[in-house]
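Everything in the sequence shown is counted per the numbering used here, starting at 63 for the first residue and increasing by one.
Glycine included, every Cβ here is placed at the ideal spot set by N, Cα and C.
These numbers were taken from a predicted model, which means no experiment stands behind them.
Here the structure comes first, spelled out in structure tokens, and everything after it is commentary.
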Amino acid sequence: MFEKCLPPIYWDGDAVAILDQRVLPHQEKILLCTKPQQVVTAIKNMSIRGAPAVGVAGAMALALGAYHIQAADTRTFKRKFVRLCEQVKNARPTGNNLSWAVEKVYSVIQGNPDAEVPELQELIRRKADEILAQDVQDNLAIGKWGKEIIPRGAKILTYCNAGALATADYGTAVGVIRAAYAEDPTIEVYACETRPFLQGARLTAYELQCARIPVTLITDNSVGSLMQANGVDVVVVGADRIAANGDTANKIGTYTVAVLAHTHNVPFYVAAPRSTIDPTIPDGSAIPIEQRDPREVTHFFGRPIAPKEVKALNPAFDVTPNKYIHGIITEVGILRKPFKQSIRKALQES
Numbered sequence: 063m064f065e066k067c068l069p070p071i072y073w074d075g076d077a078v079a080i081l082d083q084r085v086l087p088h089q090e091k092i093l094l095c096t097k098p099q100q101v102v103t104a105i106k107n108m109s110i111r112g113a114p115a116v117g118v119a120g121a122m123a124l125a126l127g128a129y130h131i132q133a134a135d136t137r138t139f140k141r142k143f144v145r146l147c148e149q150v151k152n153a154r155p156t157g158n159n160l161s162w163a164v165e166k167v168y169s170v171i172q173g174n175p176d177a178e179v180p181e182l183q184e185l186i187r188r189k190a191d192e193i194l195a196q197d198v199q200d201n202l203a204i205g206k207w208g209k210e211i212i213p214r215g216a217k218i219l220t221y222c223n224a225g226a227l228a229t230a231d232y233g234t235a236v237g238v239i240r241a242a243y244a245e246d247p248t249i250e251v252y253a254c255e256t257r258p259f260l261q262g263a264r265l266t267a268y269e270l271q272c273a274r275i276p277v278t279l280i281t282d283n284s285v286g287s288l289m290q291a292n293g294v295d296v297v298v299v300g301a302d303r304i305a306a307n308g309d310t311a312n313k314i315g316t317y318t319v320a321v322l323a324h325t326h327n328v329p330f331y332v333a334a335p336r337s338t339i340d341p342t343i344p345d346g347s348a349i350p351i352e353q354r355d356p357r358e359v360t361h362f363f364g365r366p367i368a369p370k371e372v373k374a375l376n377p378a379f380d381v382t383p384n385k386y387i388h389g390i391i392t393e394v395g396i397l398r399k400p401f402k403q404s405i406r407k408a409l410q411e412s
């Protein structure tokens, strides 16, 4: 067992270093990306995943790409950089943090119309570094706010992975668990395996063991039975995109957990930075849902587990309606119903 979890993404000199989450928990393998296209590939193939982490990766890909752009003048540089922004932005469609980060980095171009190419390159790198550092601070703040909703001695259920590996470090939903455990070591955690990519089994259990937080792994279809037996006091999950009304897209299966929690009167919370909120989308019906390779369902680590040529659906996300959500834990506080008003107010805070 590894003594300390490595950060999911960081600078190694002029290269972007990414912890390959496809081979965890049994191997810690670092991908050194010297070109922006390598970072984009890592996002697409889920070497790095989790909405905040993907946003950070997108910003760092743009910083890396800015230094590789061959341009004799500023106009050519800007044209090529816009093209790069589109490539990065389209790497994965559902999470909001990626497009948010791309827009933040592109604002450097818009805000410095008279800057020469070397200055723009440096400013873009600074913006990417700022997004990386700010994500860690936001996660710490989410943990501080979120620990208040965890009862003493609570049995907490979490779904998918919303820990350090899904962010720049520390985590959102797992950040809440970390902060709560620091003050109350009697809490226990149930982590769902999260089919078909097994982020809960491979990543959440790995992170919590590294942090010495008691964790029990369960199959996804055990949630209802566990709640029926009064085995869960609170649910905390992450998010990939939150609509203006609070409807939340997260890993496929989250909606099922939310309905079960509602049925058994278990509070259900979402933990996410404000960069996950998309105020341009009125409700969850407008959130794009990524459809992934059916082989992730029909195969297990490359080995077939289903009849040959059988059809399979593999949506990567589902949407939990706001009526099932007790609160959204952000870096500026816990947003409560009515979510339209609390979200609007939170986005206006500096």
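Distance between residue j and residue i (C-alpha atoms, nearest Å)
i, j, result
"Ala-306", "Arg-154", "20 Å"
"Lys-402", "Leu-279", "35 Å"
"Met-122", "Ala-228", "15 Å"
"Met-63", "Ala-273", "Unreliable placement is indicated for Met-63, whose pLDDT of 43 sits below 50; the coordinate value is still reported in the next sentence. Their backbone Cα atoms lie some 12 Å apart in a straight line."
"Met-108", "Gln-83", "7 Å"
"Leu-93", "Asn-159", "22 Å"
"Gln-261", "Glu-255", "7 Å"
"Pro-350", "Trp-162", "15 Å"
"Leu-409", "Arg-336", "7 Å"
"Asn-223", "Pro-247", "21 Å"
Assigned secondary structure, residue i (DSSP; H/G/I helix, E/B strand, else coil)
i, result
"Asn-453", "Only positions 63 to 412 of the chain appear in the structure, and residue 453 is not among them; the question remains open."
"Glu-255", "coil"
"Asp-340", "strand"
"Ile-351", "coil"
"Glu-411", "coil"
"Ile-71", "strand"
"Phe-64", "The predicted model places Phe-64 with a pLDDT of 43, which falls under 50 and marks its position as unreliable; any figure quoted below should be read in that light. Coil."
Residue nearest to residue i in terms of C-alpha spacing, selected from the options
i, options, result
"Pro-329", "Ile-391, Ser-284, Lys-313, Val-381", "Ile-391"
"Leu-86", "Phe-259, Leu-146, Glu-184", "Phe-259"
"Gly-157", "Ala-273, Leu-288, Pro-276, Ile-304", "Ile-304"
"Ala-203", "Gln-290, Tyr-232, Gln-271", "Tyr-232"
"Asp-340", "Ala-104, Ala-224, His-326, Ala-311", "Ala-311"
"Asp-135", "Gln-149, Glu-178, Arg-145", "Glu-178"
"Asn-292", "Lys-189, Ile-218, Ala-79", "Ile-218"
"His-361", "Pro-383, Arg-257, Asn-174", "Arg-257"
"Ala-230", "Ala-241, Cys-222, Pro-70", "Pro-70"
Span of the alpha helix (DSSP H) around residue i
i, result
"Cys-272", "267–272"
"Gly-286", "285–290"
"Thr-360", "357–360"
Residue i - containing beta strand (DSSP E), residue span
i, result
"Thr-310", "310–313"
"Thr-278", "277–280"
For the region 73–158, which segments carrying the beta strand (DSSP E) assignment without a break, of at least 3 residues, lie completely within its bounds, in sequence order? As summarised for the region 73–158, the continuous beta strand (DSSP E) elements at least 3 residues long and confined to that stretch are 77–81, 92–95, given in chain order.
Hey, which unbroken runs of the beta strand (DSSP E) at 3 residues or more fall wholly within the region 362–399? Runs found: 379–382, 389–392, 395–397.
Entirely enclosed alpha helix (DSSP H) segments - the region 179–235, minimum 4 residues: Under the rule that a run must span 4 or more residues, the alpha helix (DSSP H) segments found entirely inside the region 179–235 read 179–208.
Can you list the beta strand (DSSP E) stretches of 3 or more residues lying completely in the region 294–335, in chain order? Given a length threshold of 3 residues, each whole run of the beta strand (DSSP E) inside the region 294–335 is given here in chain order: 296–299, 303–305, 310–313, 330–333.
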